[in-house]
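Peer 1:
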Amino acid sequence: MPIADHTEMNQELGLLPEKLGKISGYAPLFTAAFGSELITPDRIGEALAMFQRSLTGRRSDFDYFMAGKQERMSDEALWGLHLFRTKAHCINCHNGPFFTDQKFHNLGLHFYGRTHQDLGRYAVTGDPADVGAFKTPSLRDVAFTAPYMHNGLFPHLEGVLNMYDAGMARPKPRPEFADDPLFPETSELLVKLSLTGAEKRALEAFLRSISLLLFGWPGRSCLSETRVAVGVKMTCRYIPGVLGSACFKALFLLPVQRPAPLDFPKGSQGYGGGGKRRCLLGGGRRFSSRRHGRLPGPSYGWR
0 MPIADHTEMN
10 QELGLLPEKL
20 GKISGYAPLF
30 TAAFGSELIT
40 PDRIGEALAM
50 FQRSLTGRRS
60 DFDYFMAGKQ
70 ERMSDEALWG
80 LHLFRTKAHC
90 INCHNGPFFT
100 DQKFHNLGLH
110 FYGRTHQDLG
120 RYAVTGDPAD
130 VGAFKTPSLR
140 DVAFTAPYMH
150 NGLFPHLEGV
160 LNMYDAGMAR
170 PKPRPEFADD
180 PLFPETSELL
190 VKLSLTGAEK
200 RALEAFLRSI
210 SLLLFGWPGR
220 SCLSETRVAV
230 GVKMTCRYIP
240 GVLGSACFKA
250 LFLLPVQRPA
260 PLDFPKGSQG
270 YGGGGKRRCL
280 LGGGRRFSSR
290 RHGRLPGPSY
300 GWR
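Following numbering that gives the first Met the number 0, the numbering of the sequence shown begins with 0 at its first residue and continues without gaps.
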């Protein structure tokens with residue numbers, strides 16, 4: 000499981016059941032799910048896998064456009080789609096319904112022989128051809144999955160587009176690696192694109208058209224606070240009508256964020272309760288939609 004990987008959470012699976020057993024709220028949840036309160040690595044894996052299978056994206060503007068609703072995409076986004084398929088070469092690797100060829104490619108971001116070296120697929124296969132190769136990710140909901148690349152190198156889409164426009168990284172071996180048979184070469188699929196500023200903005204508009212924030216907006220999600228056994232204040236994201244179960248509430252615990260709040264009066268778009276509530280905006284970035292009146296920011300919830 001990723002939680003046991005030393006580059007992920009570096010958690011010893013043998014110790015995890017005991018840790019979770021000290022959190023009183025988990026016992027009834029495991030009983031409801033498995034018939035007893037026994038916590039084992041296998042049960043943890045099953046619960047996490049079931050949760051992840053439930054994370055299905057909703058239809059984006061692009062999906063509605065493909066279904067015949069042409070008004071769902073702007074002229075700029077349509078231009079971006081054309082560039083995606085032609086001049087920008089994106090579709091060479093980002094194709095199909097999930098915008099991925101499910102293959103592994105070398106983008107030159109392996110930092111071979113340097114502090115942040117990552118050998119990519121080679122660490123699994125041992126095949127020299129896989130050094131520095133990483134799997135093509137899906138571009139679904141890409142506008143909300145920053146930071147980007149396998150190492151989180153770029154905080155914004157703009158940086159990613161600029162790097163692809165330059166043909167990505169093509170590091171040359173230092174003298175000590177001149178005869179190293181493992182020194183990786185950047186994929187030949189990547190070439191300098193010479194995109195204009197307007198073309199990059201059109202590409203970003205298209206990428207936003209295939210993105211839809213998974214975890215709701217006002218009226219679709221809310222945040223409730225709880226405390227775990229160690230006394231760390233956490234936020235539990237709860238989505239009524241979608242994954243509105245106690246198991247989901249317990250599994251999806253996130254640290255509380257304290258960005259600047261905005262007040263929305265009773266009766267405002269998506270509001271579902273009495274009196275005034277405060278909407279927390281996170282991430283420091285802004286997002287808007289002329290169609291759905293979504294709130295700015297990639298993550299938010301009612302408080």
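Glycine is no exception: its CB is placed at the ideal position from the N, C-alpha and C atoms.
With respect to the beta strand (DSSP E) encompassing F133, which residues constitute its N-terminal and C-terminal limits?
Peer 2: Taking the first residue of the sequence shown as 1, we reach residue 133 at position 134. Start and end: 132 to 134.
Peer 1: Give the secondary structure of H104 by DSSP, where H, G and I count as helix, E and B as strand, and everything else as coil.
Peer 2: As a first step, residue 104 must be located in the sequence shown, where it is residue number 105. It is a strand residue.
Peer 1: Measuring only the C-alpha atoms, how far is M148 from L108?
Peer 2: Locating residue 148 in the sequence shown gives position 149, where the first residue counts as 1. Locating residue 108 in the sequence shown gives position 109, where the first residue counts as 1. M148 and L108: Cα-Cα distance of roughly 9 angstroms.
Peer 1: From A128 to D62, what does the alpha carbon distance come to, in whole angstroms?
Peer 2: Looking up residue 128 in the sequence shown gives position 129. Looking up residue 62 in the sequence shown gives position 63. Approximately 36 angstroms between the Cα atoms of the pair.
Peer 1: Go ahead and label I238 buried or exposed: buried means 16 or more other beta carbons lie within 10 angstroms of its beta carbon, across all protein chains shown.
Peer 2: Sequence index remark: in the sequence shown, residue 238 carries index 239 (1-based). Residue placement at I238 is poorly supported in this model, since its pLDDT is 36, which falls under 50; the coordinates are not used for a value here.
Peer 1: Please list, in chain order, all residues of the same chain as A3 whose beta carbon is under 8 angstroms from its beta carbon, the five residues on each side excluded.
Peer 2: Position 4 of the sequence shown, counted from the start, is the residue given in the question as residue 3. Cβ neighbours of A3 beyond the five flanking positions: N9, Q10, E11, L12.
Peer 1: Return the CA-CA distance between L192 and D179, expressed in angstroms with no decimal places.
Peer 2: Here residue 192 is taken as the residue at index 193 of the sequence shown, counted from 1. Here residue 179 is taken as the residue at index 180 of the sequence shown, counted from 1. Going by the C-alpha atoms only, they are around 30 angstroms apart.
Peer 1: To the nearest angstrom, report how far apart S220 and L212 are at their CA atoms.
Peer 2: Residue mapping note: residue 220 aligns to position 221 of the sequence shown, counting from 1. Residue mapping note: residue 212 aligns to position 213 of the sequence shown, counting from 1. Because S220 carries a pLDDT of 33, less than 50, the predicted location of this residue cannot be relied on, and no value is offered for it.
Peer 1: Measuring CA to CA, which of A177, L181, V159, L188 is closest to K199?
Peer 2: Locating residue 199 in the sequence shown gives position 200, counting from the first residue. Among A177, L181, V159, L188, the Cα nearest to that of K199 is on V159.
Peer 1: What is the DSSP secondary structure of F205, reduced to helix, strand or coil?
Peer 2: Counting from one through the sequence shown, the residue named residue 205 turns up at place 206. Here F205 sits in helix by DSSP.
Peer 1: Relative to the C-alpha of A46, which residue among R58, T55, A32, P170 is closest?
Peer 2: Along the sequence shown, one-based indexing puts residue 46 at 47. Comparing Cα-Cα distances from A46 to each of R58, T55, A32, P170, the minimum goes to A32.
Peer 1: Can we say the segment 160 to 167 touches the segment 74 to 86, given the rule of at least three CB pairs closer than 8 angstroms?
Peer 2: No, because fewer than three Cβ pairs between the segment 160 to 167 and the segment 74 to 86 fall closer than 8 angstroms, the two stretches do not touch.
Peer 1: Pick out whichever of L15, M0, Y111, E75 has its Cα sitting closest to the Cα of E175.
Peer 2: Reading the sequence shown from its first residue, position 176 is the one you call residue 175. When each option's Cα is compared against that of E175, the closest is Y111.
Peer 1: I need the straight-line Cα distance from P16 to A76, nearest angstrom please.
Peer 2: Working through the sequence shown from its first residue, we reach residue 16 at position 17. Working through the sequence shown from its first residue, we reach residue 76 at position 77. Answer to the nearest angstrom: the Cα atoms are 48 angstroms apart.
Peer 1: Rounding to the nearest angstrom, what Cα-Cα distance links G30 and K68 in this structure?
Peer 2: Numbered from 1 along the sequence shown, position 31 holds the residue referred to as residue 30. Numbered from 1 along the sequence shown, position 69 holds the residue referred to as residue 68. In the sequence under discussion, the amino acid at residue 30 is Thr, which differs from the Gly named in the question. Taking the straight line joining both Cα atoms gives about 46 angstroms.
Peer 1: Does DSSP classify Y111 as helix, strand or coil?
Peer 2: On the sequence shown, position 112 is the one that residue 111 refers to. Reduced to three states, the DSSP call for Y111 is coil.
Peer 1: Is it true that the CB of E187 sits closer than 8 angstroms to the CB of L156?
Peer 2: As a working mapping, residue 156 is identified with position 157 in the sequence shown. As a working mapping, residue 187 is identified with position 188 in the sequence shown. Contact flag unset, no.
Peer 1: Is the CB-CB distance between A168 and L106 below 8 angstroms?
Peer 2: As a position in the sequence shown, residue 168 is number 169, starting the count at 1. As a position in the sequence shown, residue 106 is number 107, starting the count at 1. Result yes, Cβ atoms of A168 and L106 sit closer than 8 angstroms.
Peer 1: Threshold first: 4 residues or longer. Then list the alpha helix (DSSP H) segments lying entirely within the segment 36 to 78, N to C.
Peer 2: The segment 36 to 78 contains these whole alpha helix (DSSP H) runs: 40 to 52, 60 to 65.
Peer 1: Taking K18 as part of the alpha helix (DSSP H), name the residues at either end of that continuous run.
Peer 2: As a working mapping, residue 18 is identified with position 19 in the sequence shown. Element bounds for K18: 15 to 20.
Peer 1: Is G56 near D140, with beta carbons less than 8 angstroms apart?
Peer 2: Here residue 56 corresponds to residue number 57 of the sequence shown, with the count starting at 1. Here residue 140 corresponds to residue number 141 of the sequence shown, with the count starting at 1. Yes. Within cutoff.
Peer 1: Less than 8 angstroms between the C-beta atoms of L181 and V130, yes or no?
Peer 2: As a first step, residue 181 must be located in the sequence shown, where it is residue number 182. As a first step, residue 130 must be located in the sequence shown, where it is residue number 131. Cβ atoms of L181 and V130: closer than 8 angstroms.
Peer 1: What residues match up with F153 in a beta bridge as DSSP calls it?
Peer 2: For the purposes of this step, residue 153 is taken as the residue at position 154 of the sequence shown. DSSP, once it has assigned bridges, lists Y147 as partnering F153.
Peer 1: Leaving out five residues on either side along the sequence, give the residues of the same chain with a beta carbon under 7 angstroms from the beta carbon of A177.
Peer 2: If you number the sequence shown from 1, residue 177 lands on position 178. Around A177: no qualifying Cβ.
Peer 1: For a quick check, are the C-beta atoms of L113 and A132 less than 8 angstroms apart?
Peer 2: Counting from 1 along the sequence shown, the entry for residue 113 is found at position 114. Counting from 1 along the sequence shown, the entry for residue 132 is found at position 133. Residue identity check: residue 113 is Arg in the sequence provided, not Leu. No, Cβ-Cβ distance for R113 and A132 is not below 8 angstroms.
Peer 1: Mind reading off the beta-carbon distance from C92 to T135? Whole number of angstroms is fine, and I expect it under 8 angstroms.
Peer 2: Taking the sequence shown and counting its residues from 1, the one referred to as residue 92 is at position 93. Taking the sequence shown and counting its residues from 1, the one referred to as residue 135 is at position 136. At roughly 5 angstroms, the Cβ-Cβ gap stays under 8 angstroms, so C92 and T135 are in contact.
Peer 1: For chain C, check one thing: does any of its Cβ atoms lie closer than 8 angstroms to the Cβ of M49?
Peer 2: Within the model displayed, chain C is absent; a lone protein chain is all it includes.
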